[in-house]
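These notes are about the structure you will find just below.
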Amino acid sequence: MPVIHRLSDLLVNQIAAGEVVERPASVLKEVLENAVDAGARAIEVQLEQGGVRRIRVADDGCGIARDELALALERHATSKISTLDDLEHVGTMGFRGEALAAIAAVARTSITSRATGASHAWCIDGSERSLSPAALNQGTVVDVADLYYNTPARRKFLKTEATEYAHCDDMFRRIALSHPDVGMQLSHNGRVIHRLPPSTPAARVAALMGDDFLQQAREVSAVGGILSLSGFASLPAYSRASRDAQFFFVNGRYVRDKLLTHAVRQAYTDILHGNRHPAYVLFLELDPAGVDVNVHPAKIEVRFRESRAVHQFVFHAIRRVLAESGAGRTEPQTS
Ligand code: ADP
Ligand code: MG
């Protein structure tokens, strides 16, 4: 008879890592979101070899107290929620307390952090869990090296450096678009790719999507009951051959949601050919109680309580902006 036994913490975390840590970009997402949740005003990302060799994120946020560093690496340990009620009103990007445990189980990880008010920083090694004094002015540095060094089966699924880098760049853009007030820098193999000062939403959009997008887009600003939509949507003249310039955020969280995509797409019916796609950066805000972000570990999907009302609201908001700009009356273009 096979004997039932408990799996080791490391193995449990390595299994869980399959969900949370799909590729370097997913590590970057988790670590960047943690920096944002920590109230960082400046975040610096250094990638090596598409993030496979190294992802290093430094922030100037609240830091982690020495006595909590080991806990931060434990599974189901978080400072962000305590009760079911908190879960239903979650206002932070993270809340599961899973990411650092998963990352540390599949990469050489260290966290150096100086909590607000502490006299110096401490560094914890992700595998030994040993603490040592360290030097850091403020905030936290998370260093994730050699992703999947101990899980060769996963390593085989990594794509080329260029592909993994492209995914990291996408992820960086998403977080940067939704946090224009945070200064953000990204470098790859020692070369600075993005240097984004804290700015207005419009300036951040221009920096990441290009000035020509902003010039050929209309500002969206609509409120209806508990829903509000803001951002920029392209006029038909700026349509694209692919969906590569579509960014939708719900309560600051990047989502890829069929309902929302469809609502926008429908607003462009009659003014955009089927094979052309609008470009947009849109932010939907609603009471966190009206949306469930707990659907998927990577949290890219959401579920709305009033999905029909959300669809209608987004559709009409975009439709109105296009109509006011005159685009609504334009005949379908043939180019
Ligand atoms: P979650 O973000 O879901 O809470 P994580 O595993 O990502 O789970 O992080 C665990 C905890 O570690 C967080 O709740 C937070 O208290 C702390 N933490 C992680 N990264 C940072 C950071 N950059 N600055 C301050 N605290 C952090
Ligand atoms: Mg987190």
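Using numbering that gives the first Met the number 0, the first residue of the sequence shown is number 0, and each one after it goes up by one.
Heads up, the beta-carbon is just placed ideally off N, CA and C, and yes, glycines get one too.
Just so we're clear, the structure is a prediction, and the values are computed from it rather than from any experiment.
Check whether the Cβ of residue i sits closer than 8 Å to any heavy atom of the ligand ADP, and report yes or no.
i	result
lysine 79	yes
asparagine 33	yes
arginine 128	no
glutamate 21	no
glutamate 218	no
glutamate 29	yes
arginine 113	no
cysteine 167	no
methionine 170	no
threonine 91	yes
cysteine 117	Per the sequence shown, the amino acid found at residue 117 is alanine instead of cysteine. Answer for alanine 117: no, Cβ out of range of the ligand ADP.
valine 141	yes
phenylalanine 312	no
glycine 125	no
alanine 39	yes
My output table needs one value for residue i: the three-state DSSP class, helix, strand or coil.
i	result
glycine 60	coil
serine 25	helix
arginine 194	strand
phenylalanine 94	coil
asparagine 149	coil
alanine 205	helix
phenylalanine 312	helix
isoleucine 80	coil
alanine 37	coil
valine 51	coil
glycine 189	coil
leucine 157	coil
glycine 325	coil
valine 20	coil
alanine 15	helix
leucine 10	helix
Would you kindly report the start and end of the unbroken beta strand (DSSP E) that includes residue i?
i	result
tyrosine 279	279 to 284
Residues bridged to residue i by DSSP?
i	result
glutamate 43	Ala57 and Gln184
valine 290	Phe303
Beta carbon of residue i: closer than 8 Å to some heavy atom of the ligand MG?
i	result
aspartate 180	no
alanine 24	no
methionine 0	no
serine 68	The identity of residue 68 in the sequence shown is leucine, whereas the question assumes serine. Incorrect: leucine 68 has no Cβ contact closer than 8 Å to the ligand MG.
alanine 144	no
aspartate 36	yes
alanine 64	no
alanine 98	yes
Which residues bound the alpha helix (DSSP H) around residue i?
i	result
valine 2	Careful: valine 2 lies outside any alpha helix (DSSP H) and carries neither H nor E.
tyrosine 164	160 to 177
aspartate 84	83 to 87
leucine 72	Segment: none, leucine 72 is in no alpha helix (DSSP H) and carries neither H nor E.
With a threshold of 9 Å between beta carbons, is residue i in contact with chain D?
i	result
serine 109	No chain D is present in this structure, which holds just one protein chain.
For this session: Could you name each continuous beta strand (DSSP E) segment of 3 residues or more that falls completely within the segment 103 to 144, going from the start of the chain to the end?
Result: Fully enclosed beta strand (DSSP E) runs of 3 or longer: 107 to 113, 120 to 124, 130 to 133 and 138 to 144.
Exercise. Can you list the beta strand (DSSP E) stretches of 3 or more residues lying completely in the segment 213 to 283, in chain order?
Worked result: Note on the segment 213 to 283: whole beta strand (DSSP E) runs with a minimum of 3 residues are 216 to 223, 226 to 233, 245 to 249 and 252 to 254, in chain order.
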